[in-house]
Structures are given as C-alpha cells and as structure tokens.
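Q: Below: one structure in structure tokens.
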Amino acid sequence: MATFGNVTDQTVKDTFMTAGEIIDIYAFENGITYMFGDIQFPFLTMLIVVIGSGLLFMAFSIFKMEHYSY
Numbered sequence: 002m003a004t005f006g007n008v009t010d011q012t013v014k015d016t017f018m019t020a021g022e023i024i025d026i027y028a029f030e031n032g033i034t035y036m037f038g039d040i041q042f043p044f045l046t047m048l049i050v051v052i053g054s055g056l057l058f059m060a061f062s063i064f065k066m067e068h069y070s071y
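Taking our numbering, I'd label the letters of the sequence shown as residues 2 to 71.
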C-alpha cells in the first residue's frame, strides 16, 4: 500500500483508486492546495505571503533608491 500526501491507495465506492488519483480528484473539486513539506496551507495564507513579500521588496527598493539618490 503506497502513501502519497497522507492519502493511501484505497477502495472508494467499490472502485480501487491509487493515492495519486484520489489527490487529483480532491484538488480538482476543492481547488489548489499549497504544500510546504508536509504542511498544507490554504489559498488565503499563500496570497497574503505573496502580497506581503512583494510589498516588503517594494519598500526595501524604495528605501535603497532614496538612500542612493543624488
């Protein structure tokens, strides 16, 4: 029995499905899942991380440009 993403191969509604098939169906029905190692993050958390890192990079860039301007 293989384990893939904490899901095992199993019989679902009298049909044998591999772990990969189960995860593909789950991801298709429930949207994209973001994984960092074994930790799953919801979409909103990843959106906040991406926007936050972009804002931090922008603030750092503005500070550096003002510091080194003539």
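Glycine included, every Cβ here is placed at the ideal spot set by N, Cα and C.
Using the three-state DSSP reduction, which class does T46 fall into: helix, strand or coil?
A: The residue you call residue 46 lines up with position 45 of the sequence shown. If DSSP states are grouped into helix, strand and coil, T46 belongs with the helices.
Q: What are the partner residues of V13, as DSSP defines its beta bridges?
A: Numbered from its first residue, the sequence shown carries residue 13 at position 12. Its beta-bridge partners are T16.
Q: Across which residues does DSSP place Y35 in a beta bridge pair?
A: As a working note, residue 35 is residue 34 in the sequence shown. Paired residues: F42.
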